[in-house]
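What follows is a single structure, written as structure tokens, with notes after it.
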Amino acid sequence: MTESDPHAEIRAEVARLCRTFPDSYWRALDRDGAYPTEFVETLTRAGWLAALIPEEYGGSGLALSGAAAILEEIQRAGANGAACHAQIYMMGALLRHGSDAQKAEYLPRIARGELRLQAFGVTEPTSGTDTSSIRTTARREGERYIVNGQKIWTSRAEHSDLMLLLARTTPKSGTGKRTDGLSLFLLDMRTAREEGLSIRPIRTMMNHATTEVFFDEVPIPADTLIGEEGRGFRYILSGMNAERILIAAECVGDARWFIERASAYASDRNVFGRPIGQNQGVQFPIARAYARMRAADLMVQEAARRFETGENCGAEANMAKMLAAEASWEAAEACVQTHGGYGFAEEYDIERKFRETRLYQVAPISTNMILSYLAEHVLGMPRSY
Ligand SMILES: Cc1cc2nc3c(=O)[nH]c(=O)nc-3n(C[C@H](O)[C@H](O)[C@H](O)COP(=O)(O)OP(=O)(O)OC[C@H]3O[C@@H](n4cnc5c(N)ncnc54)[C@H](O)[C@@H]3O)c2cc1C
């Protein structure tokens with residue numbers, strides 16, 4: 493963020509809204525493993541979750557950097573945007589690859605918050621990072637598909653009306669691309685839950701509303717297919733750069749939160765008759781984390797700029813995600829260390845944010861996969877997997 497920041501107004505407004513949800517709100521939810529319904533409803537009513545939906549469908553039609561500013565400010569305020577960030581970007585698959593009828597039916601209702609599109613069913617227990625080996629199938633039967641299989645780590649499934657589901661519609665063949673034969677569906681979870689879809693929450697080290705989802709002969713209308721059958725993997729890939737840039741912006745927001753808390757505490761806390769922040773051993777990790785955060789932020793801005801101008805941004809989106817996730821983790825580490833014992837006390841909120849920000853080196857894509865991408869696609873080395 494600079495003084496000439498074109499998103500200064502957005503930032504100020506999101507920050508103002510977030511201040512109405514103080515640390516104590518998030519602390520209580522974290523303790524109970526509860527979903528921040530009021531926070532999500534407030535963001536929805538204010539229109540922030542419809543940031544990327546074009547105006548013709550009732551959204552605000554912001555550029556990606558505008559959405560990045562929203563998510564960065566949410567995290568910077570100590571809130572947890574992971575509860576709803578998917579509502580901002582998941583409709584991208586529908587926007588880019590859906591039919592006119594699908595867009596007209598769903599986008600305005602998603603923009604108004606009448607429909608929550610928060611669940612993304614890709615990862616499976618046996619496939620892990622190797623999406624091409626997913627086993628969930630969708631079998632065509634007349635005017636419907638029948639879905640069988642299991643997803644894991646489907647976040648917010650209990651708080652979503654719709655799910656973007658990736659399923660295999662054609663068995664994997666020995667020839668052709670291994671990602672062929674996967675199709676993308678926009679599934680109505682409300683009806684599916686009455687017809688064989690079940691959800692089991694997974695308790696995790698942070699409050700994340702993530703789940704396992706089971707499909708037992710679940711019928712879904714054939715017109716829920718997005719785009720062409722068999723091309724689903726390409727469709728989800730096309731949305732991943734946007735997702736990576738936005739998650740990177742969240743990490744920058746987290747890093748700012750940690751750095752602000754650490755600097756303030758270091759200046760206030762007196763031990764041996766002087767502020768601990770007067771010691772270079774305390775200052776330097778915070779200053780280093782700040783430099784890393786600023787560098788990551790520049791990469792986020794560059795990735796967003798390329799995205800917005802239609803240039804290839806694969807490398808920059810990946811690097812932004814990796815650098816920002818590492819910067820937020822470094823800042824988290826410095827913040828805990830600066831707080832000494834108090835860094836571990838719930839009432840300081842640092843241990844909560846520390847747990848939350850750790851996720852981003854694993855999901856939605858792990859650091860190793862980003863390094864593999866750079867090695868192969870940017871540096872021209874052999875594919876490793
Ligand atoms: C809280 C949470 C929320 C999530 N939300 C969603 C969601 O909403 N929807 C969804 O579909 N998924 C979601 N995920 C899944 C997430 O994207 C996966 O966990 C992630 O892609 C890694 O898959 P995995 O856990 O099976 O790890 P694995 O694939 O088993 O990998 C384990 C480790 O090995 C490394 N590794 C694997 N293969 C290689 C290789 N060839 N080279 C180098 N390193 C390798 C990985 O980088 C990783 O560090 C979520 C996960 C979590 C934890």
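Following my numbering, the numbering of the sequence shown begins with 493 at its first residue and continues without gaps. Each residue gets a CB set at the ideal place from its N, CA and C atoms; glycine is no exception.
Residue i CB to nearest heavy atom of ligand 1 below 7 Å
{"i": "I862", "result": "no"}
{"i": "S647", "result": "yes"}
{"i": "S858", "result": "yes"}
{"i": "T615", "result": "yes"}
{"i": "T629", "result": "no"}
{"i": "A807", "result": "no"}
{"i": "Y877", "result": "yes"}
{"i": "L851", "result": "yes"}
{"i": "T702", "result": "yes"}
{"i": "F750", "result": "no"}
{"i": "A559", "result": "no"}
{"i": "A855", "result": "yes"}
{"i": "F706", "result": "no"}
{"i": "F612", "result": "yes"}
{"i": "G620", "result": "yes"}
{"i": "T671", "result": "no"}
{"i": "T683", "result": "no"}
{"i": "T696", "result": "yes"}
Same chain, Cβ closer than 8 Å to residue i, five either side skipped, listed in chain order
{"i": "A507", "result": "E565, R568 and A569"}
{"i": "L436", "result": "Residue 436 lies beyond the range of the chain shown here (493 to 877); nothing can be said about it."}
{"i": "A807", "result": "Y865, L866, H869 and V870"}
{"i": "F612", "result": "A578, M582, T646, S647, M655 and L656"}
{"i": "G673", "result": "R660, T661, T662, P663, K664, S665 and G722"}
{"i": "A855", "result": "W645"}
Cβ-based neighbour list, residue i, same chain, cut-off 7 Å, excluding 5 preceding and 5 following
{"i": "I842", "result": "R753, C827, V828, H831 and G835"}
{"i": "V774", "result": "A758, I768 and T830"}
{"i": "L679", "result": "L654, M655, L657, I712 and T716"}
{"i": "A560", "result": "I737, L738, A741, V792 and A796"}
{"i": "Y549", "result": "K595, L599, P600 and A603"}
{"i": "A585", "result": "L656, L676, I718, Y727, I728 and G731"}
{"i": "Y527", "result": "A575, H651 and A701"}
Strand pairing of residue i, partner residues [DSSP]
{"i": "P767", "result": "N762"}
{"i": "L689", "result": "F707"}
{"i": "E633", "result": "R636"}
{"i": "Q642", "result": "F706"}
{"i": "F677", "result": "L657 and L717"}
{"i": "A569", "result": "In the DSSP output, where bridge partners are listed per residue, A569 has none listed."}
{"i": "I712", "result": "Y637"}
{"i": "A611", "result": "M655"}
Where residue i falls: helix, strand or coil (DSSP)
{"i": "L871", "result": "coil"}
{"i": "I545", "result": "coil"}
{"i": "G833", "result": "helix"}
{"i": "R723", "result": "strand"}
{"i": "G553", "result": "coil"}
{"i": "G699", "result": "It is worth fixing the name first, because residue 699 is Asn in this sequence and not Gly. Coil."}
{"i": "K595", "result": "helix"}
{"i": "V854", "result": "coil"}
{"i": "C743", "result": "helix"}
{"i": "H499", "result": "coil"}
{"i": "T628", "result": "coil"}
{"i": "Y782", "result": "helix"}
{"i": "M582", "result": "coil"}
{"i": "C827", "result": "helix"}
{"i": "R670", "result": "coil"}
{"i": "T849", "result": "helix"}
Close Cβ partners of residue i (< 6 Å) along its chain, the five nearest in sequence each way excluded
{"i": "G441", "result": "This structure gives no information on residue 441, because the portion of the chain shown stretches from 493 to 877."}
{"i": "R844", "result": "D522"}
{"i": "D746", "result": "Q567, S820 and T849"}
{"i": "S625", "result": "S619"}
{"i": "Y517", "result": "none"}
Outcome for residue i when other beta-carbon atoms lying within 10 angstroms are tallied against a minimum of 16
{"i": "E616", "result": "buried"}
{"i": "F764", "result": "exposed"}
{"i": "P777", "result": "buried"}
{"i": "M785", "result": "buried"}
{"i": "Y877", "result": "exposed"}
{"i": "A788", "result": "buried"}
{"i": "E848", "result": "buried"}
{"i": "G590", "result": "buried"}
{"i": "R511", "result": "exposed"}
{"i": "K643", "result": "buried"}
{"i": "S755", "result": "buried"}
{"i": "K813", "result": "buried"}
{"i": "R748", "result": "buried"}
{"i": "A783", "result": "exposed"}
{"i": "E894", "result": "Only positions 493 to 877 of the chain appear in the structure, and residue 894 is not among them; the question remains open."}
{"i": "Q610", "result": "buried"}
{"i": "N804", "result": "exposed"}
Distance cut-off 7 Å: residue i Cβ against heavy atoms of ligand 3
{"i": "F776", "result": "Summarising the ligand content, the structure contains ligand 1 and does not contain ligand 3."}
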